[in-house]
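In the working numbering, the protein residues as written are 31 to 271. Heads up, the beta-carbon is just placed ideally off N, CA and C, and yes, glycines get one too.
Pasting the structure below:
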(Lines of atoms letter the chains of each structure in order from A and count residues from 1; the text may use other names and numbers.)
(Lines give C-alpha, C1' and ligand atoms only; values in the text may rest on other atoms or scores of the structure.)
Protein backbone atom coordinates (compact mmCIF):
# COMPACT_ATOMS: atom_id res chain seq x y z
CA UNK A 1 0.00 0.00 0.00
CA UNK A 2 2.84 2.36 0.89
CA UNK A 3 4.55 1.61 -2.42
CA UNK A 4 1.36 2.40 -4.34
CA UNK A 5 0.94 5.64 -2.43
CA UNK A 6 4.54 6.63 -3.07
CA UNK A 7 4.13 5.88 -6.77
CA UNK A 8 1.02 8.05 -6.88
CA UNK A 9 2.89 10.93 -5.25
CA UNK A 10 5.74 10.66 -7.76
CA UNK A 11 3.29 10.66 -10.65
CA UNK A 12 1.56 13.74 -9.29
CA UNK A 13 4.89 15.51 -8.85
CA UNK A 14 5.94 14.62 -12.37
CA UNK A 15 2.67 15.94 -13.73
CA UNK A 16 2.74 19.15 -11.70
CA UNK A 17 6.33 19.71 -12.82
CA UNK A 18 5.00 20.75 -16.20
CA UNK A 19 1.66 22.17 -15.07
CA UNK A 20 3.01 25.71 -14.85
CA UNK A 21 2.11 27.77 -17.90
CA UNK A 22 4.73 29.49 -20.03
CA UNK A 23 4.51 32.68 -22.03
CA UNK A 24 6.01 33.20 -25.47
CA UNK A 25 6.28 36.01 -28.00
CA UNK A 26 8.28 37.52 -30.86
CA UNK A 27 9.23 41.19 -31.22
CA UNK A 28 11.61 43.19 -33.37
CA UNK A 29 14.69 44.03 -31.29
CA UNK A 30 14.22 47.74 -32.05
CA UNK A 31 10.42 47.72 -32.22
CA UNK A 32 9.44 45.91 -29.02
CA UNK A 33 6.44 47.90 -27.70
CA UNK A 34 7.20 46.84 -24.12
CA UNK A 35 10.87 47.86 -23.97
CA UNK A 36 12.24 51.24 -22.95
CA UNK A 37 10.58 54.35 -21.51
CA UNK A 38 8.68 55.09 -24.73
CA UNK A 39 6.53 52.72 -26.70
CA UNK A 40 7.53 52.34 -30.34
CA UNK A 41 5.48 53.28 -33.39
CA UNK A 42 6.50 51.83 -36.75
CA UNK A 43 5.39 53.40 -40.03
CA UNK A 44 2.91 50.60 -40.73
CA UNK A 45 1.31 51.09 -37.30
CA UNK A 46 1.02 54.83 -37.89
CA UNK A 47 -0.81 54.21 -41.16
CA UNK A 48 -3.07 51.39 -39.92
CA UNK A 49 -3.92 52.34 -36.30
CA UNK A 50 -7.61 52.71 -35.45
CA UNK A 51 -7.63 52.51 -31.62
CA UNK A 52 -5.40 53.42 -28.69
CA UNK A 53 -4.54 49.73 -28.26
CA UNK A 54 -3.18 49.73 -31.82
CA UNK A 55 -0.62 52.40 -31.00
CA UNK A 56 0.22 51.28 -27.47
CA UNK A 57 0.35 47.56 -26.65
CA UNK A 58 0.41 48.39 -22.93
CA UNK A 59 -2.94 50.23 -23.04
CA UNK A 60 -5.96 48.44 -21.56
CA UNK A 61 -9.47 49.70 -22.31
CA UNK A 62 -10.69 47.39 -19.51
CA UNK A 63 -9.40 49.98 -17.03
CA UNK A 64 -12.01 52.50 -18.21
CA UNK A 65 -15.68 52.74 -17.22
CA UNK A 66 -16.34 55.92 -19.19
CA UNK A 67 -14.22 58.24 -21.32
CA UNK A 68 -14.31 62.00 -20.88
CA UNK A 69 -11.85 62.88 -23.64
CA UNK A 70 -8.85 61.49 -25.50
CA UNK A 71 -6.28 63.96 -26.86
CA UNK A 72 -3.63 62.85 -29.35
CA UNK A 73 -0.71 65.21 -30.02
CA UNK A 74 2.17 65.00 -32.45
CA UNK A 75 5.38 66.89 -31.73
CA UNK A 76 7.59 67.21 -34.82
CA UNK A 77 10.49 69.69 -34.86
CA UNK A 78 8.82 71.68 -32.05
CA UNK A 79 5.57 71.95 -34.04
CA UNK A 80 2.66 70.61 -31.98
CA UNK A 81 -0.62 69.41 -33.50
CA UNK A 82 -3.57 68.09 -31.49
CA UNK A 83 -6.82 66.25 -32.12
CA UNK A 84 -9.48 65.19 -29.59
CA UNK A 85 -11.93 62.27 -29.49
CA UNK A 86 -14.54 61.02 -27.02
CA UNK A 87 -13.27 57.44 -26.62
CA UNK A 88 -10.43 55.06 -27.50
CA UNK A 89 -11.44 54.83 -31.17
CA UNK A 90 -9.31 57.26 -33.18
CA UNK A 91 -11.14 59.91 -35.17
CA UNK A 92 -10.37 60.64 -38.82
CA UNK A 93 -8.47 63.74 -37.67
CA UNK A 94 -6.41 61.77 -35.15
CA UNK A 95 -5.58 59.06 -37.71
CA UNK A 96 -4.53 61.76 -40.17
CA UNK A 97 -2.26 63.29 -37.56
CA UNK A 98 -0.57 59.91 -36.99
CA UNK A 99 -0.11 59.22 -40.69
CA UNK A 100 1.74 62.52 -41.12
CA UNK A 101 4.18 61.83 -38.27
CA UNK A 102 7.76 61.25 -39.39
CA UNK A 103 10.97 59.83 -37.96
CA UNK A 104 11.85 61.36 -34.62
CA UNK A 105 8.35 62.72 -33.96
CA UNK A 106 6.85 62.10 -30.54
CA UNK A 107 3.23 61.08 -30.22
CA UNK A 108 1.63 62.05 -26.92
CA UNK A 109 -1.74 60.72 -25.72
CA UNK A 110 -3.74 62.07 -22.78
CA UNK A 111 -6.84 60.19 -21.61
CA UNK A 112 -9.36 61.69 -19.16
CA UNK A 113 -11.67 58.98 -17.87
CA UNK A 114 -13.72 57.46 -15.06
CA UNK A 115 -11.99 54.28 -13.78
CA UNK A 116 -13.76 50.95 -13.78
CA UNK A 117 -14.03 49.93 -10.11
CA UNK A 118 -16.50 49.48 -7.25
CA UNK A 119 -15.44 52.48 -5.18
CA UNK A 120 -18.15 54.83 -3.94
CA UNK A 121 -15.86 57.81 -4.49
CA UNK A 122 -14.66 57.42 -8.06
CA UNK A 123 -13.39 60.76 -9.39
CA UNK A 124 -12.05 61.30 -12.93
CA UNK A 125 -8.49 60.22 -13.58
CA UNK A 126 -5.87 61.18 -16.14
CA UNK A 127 -3.67 58.72 -18.03
CA UNK A 128 -0.93 59.78 -20.43
CA UNK A 129 1.81 58.13 -22.45
CA UNK A 130 4.33 59.11 -25.10
CA UNK A 131 5.38 57.14 -28.16
CA UNK A 132 8.28 57.63 -30.53
CA UNK A 133 8.30 56.82 -34.25
CA UNK A 134 10.97 54.88 -36.12
CA UNK A 135 11.31 54.81 -39.93
CA UNK A 136 10.45 51.20 -40.71
CA UNK A 137 7.60 49.15 -42.10
CA UNK A 138 8.01 46.05 -39.95
CA UNK A 139 8.54 42.58 -41.42
CA UNK A 140 5.43 40.43 -41.15
CA UNK A 141 4.82 36.70 -40.87
CA UNK A 142 2.49 35.40 -43.64
CA UNK A 143 -1.09 35.79 -42.46
CA UNK A 144 -0.15 38.13 -39.63
CA UNK A 145 0.71 37.98 -35.94
CA UNK A 146 -2.03 35.48 -35.08
CA UNK A 147 -0.61 32.98 -37.56
CA UNK A 148 2.88 33.52 -36.16
CA UNK A 149 1.69 32.76 -32.62
CA UNK A 150 -0.11 29.64 -33.88
CA UNK A 151 3.06 28.42 -35.63
CA UNK A 152 5.16 28.94 -32.51
CA UNK A 153 2.61 27.18 -30.33
CA UNK A 154 2.39 24.16 -32.63
CA UNK A 155 6.11 23.83 -33.35
CA UNK A 156 7.64 24.89 -30.03
CA UNK A 157 5.29 25.26 -27.07
CA UNK A 158 3.22 22.12 -27.69
CA UNK A 159 6.40 20.07 -28.10
CA UNK A 160 8.15 21.21 -24.93
CA UNK A 161 6.66 18.36 -22.81
CA UNK A 162 8.38 15.86 -25.14
CA UNK A 163 11.81 17.43 -24.60
CA UNK A 164 11.76 18.83 -21.07
CA UNK A 165 10.85 17.23 -17.71
CA UNK A 166 9.43 20.54 -16.50
CA UNK A 167 8.60 24.10 -17.47
CA UNK A 168 11.28 26.34 -18.96
CA UNK A 169 12.03 29.40 -16.83
CA UNK A 170 13.35 31.53 -19.68
CA UNK A 171 14.91 31.20 -23.12
CA UNK A 172 15.60 33.65 -25.93
CA UNK A 173 16.60 33.27 -29.58
CA UNK A 174 17.68 36.11 -31.87
CA UNK A 175 17.20 35.90 -35.62
CA UNK A 176 17.02 38.10 -38.71
CA UNK A 177 14.43 38.39 -41.46
CA UNK A 178 16.36 39.34 -44.58
CA UNK A 179 15.29 41.68 -47.36
CA UNK A 180 14.11 38.54 -49.17
CA UNK A 181 11.90 37.52 -46.26
CA UNK A 182 14.06 34.58 -45.22
CA UNK A 183 15.15 33.62 -41.70
CA UNK A 184 18.90 33.96 -41.11
CA UNK A 185 21.46 33.96 -38.30
CA UNK A 186 19.21 32.29 -35.69
CA UNK A 187 21.16 31.84 -32.47
CA UNK A 188 20.53 31.22 -28.79
CA UNK A 189 21.02 34.44 -26.81
CA UNK A 190 19.68 32.98 -23.55
CA UNK A 191 19.76 29.22 -23.12
CA UNK A 192 16.84 27.27 -21.68
CA UNK A 193 19.44 25.17 -19.82
CA UNK A 194 18.17 22.19 -21.84
CA UNK A 195 20.00 21.28 -25.06
CA UNK A 196 16.95 19.53 -26.53
CA UNK A 197 14.73 22.56 -25.95
CA UNK A 198 17.35 24.91 -27.44
CA UNK A 199 17.58 22.67 -30.51
CA UNK A 200 13.78 22.52 -30.82
CA UNK A 201 13.50 26.32 -30.78
CA UNK A 202 16.30 26.85 -33.30
CA UNK A 203 14.82 24.30 -35.72
CA UNK A 204 11.32 25.81 -35.47
CA UNK A 205 12.62 29.35 -36.03
CA UNK A 206 14.82 28.22 -38.92
CA UNK A 207 11.94 26.37 -40.61
CA UNK A 208 9.50 29.28 -40.58
CA UNK A 209 7.97 30.13 -43.96
CA UNK A 210 9.04 33.18 -45.92
CA UNK A 211 8.03 36.51 -44.35
CA UNK A 212 7.02 39.80 -45.95
CA UNK A 213 10.31 41.70 -45.52
CA UNK A 214 10.72 45.00 -43.70
CA UNK A 215 11.04 48.26 -45.65
CA UNK A 216 12.57 51.60 -44.83
CA UNK A 217 10.74 54.91 -45.27
CA UNK A 218 11.71 54.97 -48.97
CA UNK A 219 10.30 51.51 -49.66
CA UNK A 220 13.65 49.71 -49.83
CA UNK A 221 13.57 46.15 -48.47
CA UNK A 222 15.84 45.75 -45.47
CA UNK A 223 16.92 43.15 -42.91
CA UNK A 224 15.19 43.33 -39.53
CA UNK A 225 16.33 41.67 -36.29
CA UNK A 226 13.84 39.82 -34.08
CA UNK A 227 13.81 38.01 -30.74
CA UNK A 228 11.74 35.00 -29.69
CA UNK A 229 11.30 34.74 -25.92
CA UNK A 230 9.58 32.03 -23.91
CA UNK A 231 9.25 30.69 -20.38
CA UNK A 232 7.45 31.06 -17.08
CA UNK A 233 9.25 34.38 -16.44
CA UNK A 234 7.23 36.05 -19.22
CA UNK A 235 4.06 35.63 -17.16
CA UNK A 236 5.46 37.49 -14.16
CA UNK A 237 3.96 40.93 -13.60
CA UNK A 238 7.45 42.35 -13.00
CA UNK A 239 9.01 40.84 -16.13
CA UNK A 240 11.21 43.32 -18.03
CA UNK A 241 12.00 42.86 -21.74
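Checklist entry - Does the segment 94–107 come close enough to the segment 131–146 that 3 or more CB-CB pairs lie under 8 angstroms? => result yes
Next on the checklist: Assuming residue 91 is part of the beta strand (DSSP E), what are its boundary residues?
Outcome noted: Residue mapping note: residue 91 aligns to position 61 of the chain shown, counting from 1. Element bounds for residue 91: n/a, residue is neither H nor E.
Next on the checklist: So the candidates are 266, 263, 255 and 260; which of them puts its Cα closest to the Cα of residue 60?
Outcome noted: Counting from one through the chain shown, the residue named residue 60 turns up at place 30. For the options 266, 263, 255 and 260, the alpha carbon positioned closest to that of residue 60 is the one of 255.
Next on the checklist: Assuming contact is defined by CB atoms lying nearer than 8 angstroms, are residue 205 and residue 216 in contact in what I supplied?
Outcome noted: Counting from 1 along the chain shown, the entry for residue 205 is found at position 175. Counting from 1 along the chain shown, the entry for residue 216 is found at position 186. Remark: C-beta atoms of residue 205 and residue 216 approach each other more closely than 8 angstroms.
Next on the checklist: So, with DSSP's three-state summary, where would you put residue 130?
Outcome noted: Taking the chain shown and counting its residues from 1, one reaches residue 130 at position 100. Note: residue 130 maps to coil in three-state DSSP.
Next on the checklist: My output table needs one value for residue 276: the three-state DSSP class, helix, strand or coil.
Outcome noted: The structure shown does not extend to residue 276, since the chain is modelled only from 31 to 271, so the question has no answer here.
Checklist entry - What are the residues that DSSP puts in a beta bridge with residue 258? => result Counting from one through the chain shown, the residue named residue 258 turns up at place 228. 56 and 203, per the DSSP bridge assignment.
Next on the checklist: Give me the residue from 170, 121 and 131 with the minimum Cα distance to residue 162.
Outcome noted: As a position in the chain shown, residue 162 is number 132, starting the count at 1. Of 170, 121 and 131, the residue nearest in Cα terms is 131.
Next on the checklist: Would residue 54 and residue 259 be called neighbours here (beta carbons separated by less than 8 angstroms)?
Outcome noted: Your numbering for residue 54 matches position 24 in the chain shown. Your numbering for residue 259 matches position 229 in the chain shown. Contact flag set, yes.
Checklist entry - Can you tell me whether DSSP reads residue 191 as helix, strand or coil? => result Numbered from 1 along the chain shown, position 161 holds the residue referred to as residue 191. Three-state result, residue 191: helix.
Next on the checklist: I need the straight-line Cα distance from residue 87 to residue 214, nearest angstrom please.
Outcome noted: Translated into the one-based positions of the chain shown, residue 87 becomes position 57. Translated into the one-based positions of the chain shown, residue 214 becomes position 184. About 27 angstroms.
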